[in-house]
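Here the sequence shown is numbered in this note's numbering, starting from 40 and rising by one per residue. Heads up, the beta-carbon is just placed ideally off N, CA and C, and yes, glycines get one too. On a predicted model such as this, the values are computed, not experimentally measured, just so you know. One structure below.
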Amino acid sequence: MGYEGFLRDNLIKKVARDHDQISRQLRRADKDLRAAEALVPIDRTWSFTIAYHAMIRAGRAFMFSKGFLPTTLSPHKTVVDFARQELGNEYPDLILRFSRMRRKRHDFIYDSENATTEREVREAINAAQDLIRGIRASLDGPFQMT
């Protein structure tokens, strides 16, 4: 599905590229990662969820950089699918992990599933770091700095 498919299905909308918004999303993703790391010893499942949200923020920054934003119709899935389309060839395993993290986060938020291992949370934080780094590398100029 190209951009046309996302637009036709009302999953994304065109927006003006806003460098301030991109920067805010990336800065918040970095802060979310620090919070996720700090919460590991207290609540692994919430830490996992915050790491996932860091990925969503970075994915939104990436979408902003392309002149798009997800609509309210399945926004998390849309961010993951957009990232898969645009970055999947370069980072297939990372995008697959992003998708799986989305489902696990959904189970925690809506069904109160609360079983995250130390290994899972560490892998989630590492995946978030890798995705943010990859997205920063794909952007121009000041966004590459952490």
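Task: Rounded separation between phenylalanine 103 and proline 131 - CA only - done: Position 64 of the sequence shown, counted from the first residue, corresponds to residue 103. Position 92 of the sequence shown, counted from the first residue, corresponds to residue 131. Between phenylalanine 103 and proline 131, the C-alpha separation is close to 21 Å.
Task: Start-to-end residues for the beta strand (DSSP E) that takes in lysine 53 - done: Working through the sequence shown from its first residue, we reach residue 53 at position 14. From DSSP, the beta strand (DSSP E) with lysine 53 extends over 51-53.
Open item on the list: Can you give me the C-alpha to C-alpha distance between isoleucine 51 and threonine 155, rounded to a whole angstrom?
Closed with: Start at 1 with the first residue of the sequence shown, and residue 51 comes out as number 12. Start at 1 with the first residue of the sequence shown, and residue 155 comes out as number 116. Taking the straight line from one Cα to the other gives about 32 Å.
Open item on the list: Quick check: is any heavy atom of the ligand GDP less than 8 Å from the C-beta of alanine 90?
Closed with: As far as ligands go, the structure on display features none, and thus does not contain the ligand GDP.
Task: Rounded C-alpha distance that separates lysine 105 from glycine 98 - done: Taking the first residue of the sequence shown as position 1, residue 105 is located at position 66. Taking the first residue of the sequence shown as position 1, residue 98 is located at position 59. Roughly 11 Å between the two C-alpha positions.
TODO: Return the CA-CA distance between methionine 94 and arginine 67, expressed in angstroms with no decimal places.
DONE: Start at 1 with the first residue of the sequence shown, and residue 94 comes out as number 55. Start at 1 with the first residue of the sequence shown, and residue 67 comes out as number 28. Distance between the alpha carbons of methionine 94 and arginine 67 is about 10 Å.
Open item on the list: Please classify isoleucine 81 as buried or exposed, where buried requires at least 16 neighbouring CB atoms within 10 angstroms.
Closed with: The sequence position of residue 81 within the sequence shown is 42, counting from 1. Exposed, because fewer than 16 other Cβ atoms sit within 10 Å of the Cβ of isoleucine 81.
Task: Cβ-Cβ distance between alanine 90 and alanine 166 below 9 Å - done: Working through the sequence shown from its first residue, we reach residue 90 at position 51. Working through the sequence shown from its first residue, we reach residue 166 at position 127. Closer than 9 Å, so yes.
Task: Which of helix, strand or coil DSSP assigns to leucine 112 - done: What you label residue 112 is simply residue 73 of the sequence shown in a count that begins at 1. Leucine 112: coil per DSSP, three-state reduction.
Open item on the list: Let's see if you can read the secondary structure: which residues bound the alpha helix (DSSP H) around asparagine 165?
Closed with: Within the sequence shown, the letter at position 126 stands for residue 165. Element bounds for asparagine 165: 157-177.
TODO: Answer yes or no: do histidine 119 and arginine 96 have a C-beta to C-beta separation smaller than 9 Å?
DONE: As a first step, residue 119 must be located in the sequence shown, where it is residue number 80. As a first step, residue 96 must be located in the sequence shown, where it is residue number 57. For the sequence presented, residue 119 should be read as valine rather than histidine. No.
Open item on the list: If distances are taken between C-alpha atoms only, which option among Trp85, Glu43, Asp57, Val160 comes closest to alanine 100?
Closed with: As a working mapping, residue 100 is identified with position 61 in the sequence shown. It is Asp57 whose Cα lies nearest to the Cα of alanine 100.
- [ ] Verify the CB distance criterion: does arginine 66 have a CB-CB separation below 9 Å to chain D?
- [x] Checking the listed chains, one finds no chain D in this structure; it contains a single protein chain.
- [ ] Would you tell me roughly how many angstroms separate the C-alpha atoms of arginine 63 and glutamate 162, rounded to the nearest one?
- [x] Reading the sequence shown from its first residue, position 24 is the one you call residue 63. Reading the sequence shown from its first residue, position 123 is the one you call residue 162. Cα to Cα, the separation comes out at about 25 Å.
Open item on the list: Once the 5 residues before and after phenylalanine 137 are set aside, which same chain residues still bring their CB inside 6 Å of it?
Closed with: Locating residue 137 in the sequence shown gives position 98, counting from the first residue. Result list for phenylalanine 137: Met94, Val119, in chain order.
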